[in-house]
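Structure record follows, encoded as structure tokens.
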């Protein structure tokens with residue numbers, strides 16, 4: 003599986019984790035997710051700007067998946 007495919011699979015899992023939470027707990031999970039992604043990317047030796055780009059893109063992807071699923075129902079994601 004390519005790195006891209008692995009990241010998409012991870013984003014899908016993260017979206018499902020967030021959807022399982024009550025809405026008032028979701029923002030805290032996004033914060034924790036960002037921190038975890040940042041730590042892991044830094045551990046891989048990625049340069050700082052690439053780390054931040056990855057963190058931003060992952061959060062955007064997860065938020066989009068969550069929004070699409072909420073709008074269309076659980077079979078949309």
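Numbering (this note's numbering), first residue to last: 3 to 79. Each residue gets a CB set at the ideal place from its N, CA and C atoms; glycine is no exception.
Considering only their Cβ atoms, is the gap separating residue 16 from residue 35 smaller than 8 Å?
For the purposes of this step, residue 35 is taken as residue 33 along the chain shown, with counting starting at 1. For the purposes of this step, residue 16 is taken as residue 14 along the chain shown, with counting starting at 1. Contact: yes.
Just to confirm, is the Cβ distance from residue 67 to residue 11 under 8 Å?
For this step, residue 67 is matched to residue 65 along the chain shown. For this step, residue 11 is matched to residue 9 along the chain shown. Cβ atoms of residue 67 and residue 11: not closer than 8 Å.
If the criterion is Cβ atoms closer than 8 Å, does the pair residue 64 and residue 20 meet it?
Position 62 of the chain shown holds residue 64. Position 18 of the chain shown holds residue 20. Yes. Within cutoff.
Between the C-alpha atoms of residue 28 and residue 62, what's the straight-line distance to the nearest angstrom?
Indexing the chain shown from 1 puts residue 28 at position 26. Indexing the chain shown from 1 puts residue 62 at position 60. If you take the alpha carbons of residue 28 and residue 62, they lie about 14 Å apart.
Note the first and the last residue of the continuous alpha helix (DSSP H) segment covering residue 62.
Here the question's residue 62 lines up with position 60 in the chain shown. First-last of the alpha helix (DSSP H) with residue 62: 50–74.
Can you check whether the CB of residue 60 is closer than 8 Å to the CB of residue 9?
In the chain shown, the residue the question calls residue 9 occupies position 7. In the chain shown, the residue the question calls residue 60 occupies position 58. Taking 8 Å as the Cβ cut-off, residue 9 and residue 60 qualify as a contacting pair.
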